[in-house]
Amino acid sequence: MNENVANKGDLGALVEQLYFHCDSSNSPEPDFPQAGVEMKTTGVLKRDGKYVAKERLVLSMIDYHQIVLEEWETSTFIKKCGLMLLIFYLYEKDKAVFDRKFVPAPKLFSFPESDLPQLIMDWEAIRDKVKSGRAHELSEGDTFYLSACRKGSGGEREKLRSQPFSDMGAKSRAFSLKQKYVNRILDESSTSNELLAGHSGAGIEGATRSRVSKYLGMSVADIASHLNEARGGANDKLFYRRLAVGMLGGSGRSVAELDRADVELKTVRVKADWAPKESMSFPGFKYLDLINEQWEDSSFCQKLNKKFLFVVFRMGDDHVERLEAVFFWTMPYDDRLEARRVWELTKEHVGIDARFLPTSADSRVAHVRPKAANGNDKIETPQRTFLVKKCFWLNAGYIKEVILANAQNSPSFDSRHR
DNA sequence: GCATGATCATGC
DNA sequence: GCATGATCATGC
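The opening position of the first sequence corresponds to residue 25 in this note's numbering, with each subsequent residue numbered one higher.
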């Protein structure tokens, strides 16, 4: 056993061999078959006095040929990971594995009863995607707690696996618990294990639907008075977001239950014809960072791989703005490829002349535009010039497509708009 | 009326 | 001080 910081599996293997005197293996059986316990070693960071997950917790590999034959209760996954010994260590960069501290205390973990409805829905969503011959389209954004994350390193990473109902090769993936979900496991003080209080049986989608149903079709003015919210100044750009958060039962800027599931909340205001007033912005990038990044590691890619919750307000023909639609959305595979193309194009152009980046005419899906405090808010480019900060945007036209495809059930959806 | 550039308010 | 989510403003 060599002491190699780079080998991410080493610490787990060391603990298994030196402490528990057993072999590390990649078998579908739990690490301790007699006890039915799977051991997982994972890094944590300390933030504001609390332990938080360094990353998602990767569990067992997904066998595309096997999972389509399975049900949750008797699945390979639940056999292996139904009961886990979670061993945490404090991740400190550049520290050799032997020197790491094991904090907080290990935890014998099984999935809480209240999370099961959602976990099962997640597992089934992954299985059913493979069943429909779309294993190659899997995305972490497909699900809420349990996701299908990329797994494999170096050359292995690009190696494709076969899937049962399609000739397309699919990237190898493993079940994983989202980072935010692991944070909840770590958070001892976490009182609420509920999905959305009072609606746990329905999963996050169902719970969200029942939360907002009473507001659908209601005018913005009525919603605001219901929630005791008021528009701030003339430039209150977060008013609609506060309404959305309020309707979803959250406070401040976010809804705790959706945060834990790593859901990206987006409020969209559309005109009578369902066209958004604006394109949709994403976090800014630094020119100098972008040229050294890979797509998979870019923040744009990571955002687009999330599950989104759209809260759509529409200006009616009667000039009254209403809550028109609330729906979850995951970016379709082909559109993720197109977003990637725009990103790669941007990376290439930033390297040549950062003044000229893709505009909305260059792609159906995404473009690049400023996102800065003002005209003086500039950062350095590879050409050693300084340009105003920018970010990626999803085109308003693309967002319109998404909304039209998902808002059919809204109170005043009119098929003529399709 | 859209595309593009410019900027605001807020929370951490 | 900056990242974030969002909207304003202007020219074509």
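Glycine residues also receive a C-beta, built at the ideal position from the N, C-alpha and C atoms.
Bear in mind the structure is a predicted one, so any value in this text is a computation, not a measurement.
Under the three-state reduction of DSSP, E229 is assigned to helix. Within the same chain, and ignoring the five residues on either side of A420 in sequence, the residues whose Cβ sits closer than 7 Å to its Cβ are A299, P300, E302, S303. Assignment of beta-bridge partners to L83 by DSSP yields no partner. Setting aside the 5 residues that flank it on each side, T167 is surrounded in the same chain by D146, A149, each with a C-beta closer than 6 Å to its C-beta; the list follows chain order. Scanning its chain for C-beta atoms nearer than 8 Å, with the 5 sequence neighbours on each side dropped, one finds around H373 the residues F380, L381, P382, in chain order.
Here the alpha carbon of R284 sits roughly 7 Å from the alpha carbon of R208. Linking F126 to S84 through their CA atoms gives a straight-line distance of about 23 Å. The straight-line gap separating the alpha-carbon atoms of K155 and R255 is approximately 48 Å. Taking the Cβ atoms as the reference, Q326 lies roughly 24 Å from G227, outside the contact range of under 8 Å. If you ignore the 5 residues before and after E253, its C-beta comes within less than 7 Å of the C-beta of R266, L267, G270, all in its own chain and listed in chain order. A distance below 7 Å between beta-carbons, with the five flanking residues on each side excluded, links A396 to the following residues of its chain, in chain order: V412, K413. Ranked by Cα distance from S171, the first of G340, F112, L184, S196 is S196.
For K424, the closest C-alpha among the options A390, K119, A129 is that of A390. Separation of the CB atoms of F112 and P130 is rounded to 7 Å, and the pair is thereby assigned contact status at 8 Å. In this structure, DSSP gives V279 a state outside helix and strand, which the three-state scheme calls coil. Excluding sequence positions up to five before and after E345, its CB lies within less than 6 Å of the CB of V244, F337, M339, all in the same chain and listed in chain order.
The residues I247, M271, L347, in chain order, have a CB closer than 7 Å to that of Y239 in the same chain once the five nearest residues on each side in sequence are set aside. In the structure shown, the three-state DSSP call for W367 is helix.
Apart from sequence neighbours up to five positions away, the residues of its chain that approach Y169 with a beta-carbon distance below 7 Å are D139, Q142, L143, D146, L201, K202, Y205, A285, ordered along the chain. Pairing K290 with D123, the inter-Cα distance amounts to about 43 Å. With a 10 Å radius around the Cβ and a threshold of 16 neighbouring Cβ atoms, N329 comes out buried. Between the beta-carbon of F410 and that of V392 there is about 17 Å, and that puts the pair past the 8 Å contact cut.
In this model, D118 and R174 are separated by some 24 Å (Cα to Cα). Shortest Cα-Cα distance from L312 to any of D342, G276, G375 involves G375.
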